[in-house]
Amino acid sequence: MMWLERLNGDPLPWLLEPENPSVRYWTLLDILGHSEDDPKVHAARAGFPTFSPVAKLLAAQKREGYWVKRDYYLPKAYGTFWVLSVLADLGLTAENEHVRRGCEFLFEHQRRHGGFCRRRRVRGRGLVWEAEPDPCTHAWIVRFLIQFGYADDPRTRAAVDWLLATQRDDAMWLCGRAGRHGCLRATLDYLRAAALDPETVTQPVTARAAAVACDLLMEPRMGRYHVGDLWTILEYPYFGYGVISALDTLARLGYTLERPKVAVAMEYLLSRQLPNGTWPLDQSAPRPPFEVGRPGEPNKWLTLDALRVIGLLHGRD
1 MMWLERLNGD PLPWLLEPEN PSVRYWTLLD ILGHSEDDPK VHAARAGFPT
51 FSPVAKLLAA QKREGYWVKR DYYLPKAYGT FWVLSVLADL GLTAENEHVR
101 RGCEFLFEHQ RRHGGFCRRR RVRGRGLVWE AEPDPCTHAW IVRFLIQFGY
151 ADDPRTRAAV DWLLATQRDD AMWLCGRAGR HGCLRATLDY LRAAALDPET
201 VTQPVTARAA AVACDLLMEP RMGRYHVGDL WTILEYPYFG YGVISALDTL
251 ARLGYTLERP KVAVAMEYLL SRQLPNGTWP LDQSAPRPPF EVGRPGEPNK
301 WLTLDALRVI GLLHGRD
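Under the working numbering, the residues of the sequence shown are numbered 1 to 317, in order.
Here is the structure:
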């Protein structure tokens, strides 16, 4: 693994500690290249249900399949949408009954056009369906449905088709679908889903969106594209956007270090490495649904994802 030479130290023994079976599982699979049939990988996956963050989240699910409220989006960070996103990153799939029930609850909110919409209370009218979904939320749902194993489900394909049909002329998406310029976050959310889907990754829609996202990579605050100051903040979970998730997505879409913006972003990521070859958490997402670590300290999730990016862009020789 020649790419390990880019590290200040070897974090692999730390990432492979059994106390966090999810990080151990992904390290074995994505960093060390073990197969799903490997006994070590199988043993790590078997530890998911009793892993404290997973066990607590699953125990909080309502019998009908949702978390906290029937509004799948609210409350932020603890509602069904947020919990399912985290469970996908933790490694769970539709083999888990709780995941299946949660996804079926979500599918109840899919409209005929394929989009996932919420119902809002309107005075004098009661609960009324939104006409159109928010592209960022919708794309995020598509991504974790694919992670869970629903990529070939006709309902997921309809959801993908809605995204393909709603790209703006500037090759981006925008929540509310109004305004002069698209939204980088919504566009990156689409690309994160597309990068995991063989049918979508080769679409011209994806190529156009990726080119725009790469052009905006590491750019300073630009209100017209809804670009803030998040590039240089190492945050987890990825409830917004950042350098790690953007690099991971672009690398999966075939972008390399020959792209100047990608090279600049990679150098920044490497510069944030601690002396022991790990990456620190700058801040956690607001009210994360599970304990992700303390700001300023080495973080297993960020270190794992940084190694994924380095492996994708520098090769796993």
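Backbone N, C-alpha and C define an ideal beta-carbon position, used for all residues, glycine too.
Q: Check whether the Cβ atoms of LEU304 and LEU15 sit closer than 7 Å, and answer yes or no.
A: For the purposes of this step, residue 304 is identified with residue 304 of the sequence shown, where counting begins at 1. For the purposes of this step, residue 15 is identified with residue 15 of the sequence shown, where counting begins at 1. Yes.
Q.
I need the boundaries of the alpha helix (DSSP H) containing LYS56, first residue and last residue.
A. By 1-based counting over the sequence shown, the position of residue 56 is 56. 52–59 is the extent of the alpha helix (DSSP H) around LYS56.
Q.
Please classify TRP129 as buried or exposed, where buried requires at least 16 neighbouring CB atoms within 10 angstroms.
A. Here residue 129 is taken as the residue at index 129 of the sequence shown, counted from 1. With fewer than 16 Cβ atoms within 10 Å of its Cβ, TRP129 is classed as exposed.
Q | Contacting residues, own chain, Cβ-Cβ under 7 Å from TYR238 (five flanking each side not counted) | A | Position 238 of the sequence shown, counting from 1, holds the residue named residue 238. Contacts found: SER245.
Q: Could you tell me whether the region 144–161 touches the region 206–223, using the rule of 3 or more Cβ pairs below 8 Å?
A: no
Q) Quick one: is SER22 buried, meaning 16 or more other Cβ sit within 10 Å of its Cβ, or exposed? A) Your numbering for residue 22 matches position 22 in the sequence shown. SER22 is buried by the Cβ-count criterion.
**Q.** Neighbourhood of ALA306 by C-beta distance below 7 Å, restricted to the same chain and skipping five residues each side
**A.** Within the sequence shown, numbered from 1, the residue matching residue 306 stands at position 306. Cβ neighbours of ALA306 beyond the five flanking positions: ILE244, LEU269, TRP279.
Q: Take ASN299 as the anchor and find which of TRP3, TYR66, ASN20 has the nearest alpha-carbon.
A: In the sequence shown, residue 299 corresponds to position 299, counting from 1. Closest option to ASN299, Cα to Cα, is ASN20.
Q) Given MET286, which residues of its chain have a CB within under 7 Å of its CB, disregarding the five upstream and five downstream residues? A) Walking along the sequence shown from the start, residue 286 turns up at place 286. The identity of residue 286 in the sequence shown is Pro, whereas the question assumes Met. If we look at PRO286 and ignore the five residues flanking it on each side, its Cβ neighbours are ALA77.
Q) What residues are listed by DSSP as bridge partners for TRP67? A) Mapped onto the sequence shown, residue 67 falls at position 67. DSSP output for TRP67 lists GLN61 as bridge partner(s).
Q.
I'd like to check one pair, LEU234 with MET266: are the Cβ atoms closer than 7 Å?
A. Reading the sequence shown from its first residue, position 266 is the one you call residue 266. Reading the sequence shown from its first residue, position 234 is the one you call residue 234. Going by C-beta atoms, MET266 is not nearer than 7 Å to LEU234.
Q: Keeping to the same chain, check which residues put their C-beta closer than 6 Å to that of SER284; ignore five residues upstream and five downstream.
A: To locate residue 284, count along the sequence shown from 1; it is residue 284. These residues qualify, in order along the chain: VAL292.
Q) Starting from ILE310 and walking both ways along the alpha helix (DSSP H), at which residues does that stretch end? A) Indexing the sequence shown from 1 puts residue 310 at position 310. Here the alpha helix (DSSP H) through ILE310 covers 300–314.
Q | Buried versus exposed call for ARG143 [16 or more other C-beta atoms within 10 Å across all chains shown] | A | Counting from 1 along the sequence shown, the entry for residue 143 is found at position 143. With 16 or more Cβ atoms within 10 Å of its Cβ, ARG143 is classed as buried.
Q | Buried versus exposed call for ASP197 [16 or more other C-beta atoms within 10 Å across all chains shown] | A | On the sequence shown, residue 197 is found 197 positions in, with the first residue counted as 1. By the 10 Å Cβ count, ASP197 comes out buried.
Q) What separation, rounded to the nearest whole angstrom, lies between the Cα atoms of ALA263 and ALA59? A) Within the sequence shown, residue 263 is the residue found at index 263, counting from 1. Within the sequence shown, residue 59 is the residue found at index 59, counting from 1. Cα to Cα, the separation comes out at about 43 Å.
Q. Exposed or buried, what is SER271 when buried is set at 16 or more other beta-carbons lying within 10 Å of its beta-carbon?
A. Taking the sequence shown and counting its residues from 1, the one referred to as residue 271 is at position 271. Label assigned to SER271: exposed.
**Q.** Beta-carbon gap between CYS175 and PRO135 smaller than 7 Å
**A.** Here residue 175 refers to the residue found at position 175 when the sequence shown is read from its first residue. Here residue 135 refers to the residue found at position 135 when the sequence shown is read from its first residue. In contact: CYS175 and PRO135 (Cβ atoms closer than 7 Å).
Q: List the whole-angstrom C-beta distance separating GLY149 from THR93, where the pair is believed to meet the contact cut-off of C-beta under 8 Å.
A: The count along the sequence shown starts at 1 and reaches residue 149 at position 149. The count along the sequence shown starts at 1 and reaches residue 93 at position 93. The Cβ separation is near 5 Å, so the contact holds.
Q. What residues are listed by DSSP as bridge partners for PRO280?
A. Residue numbering aside, residue 280 sits at position 280 when the sequence shown is read from its first letter. Answer is PRO298, bridged to PRO280.
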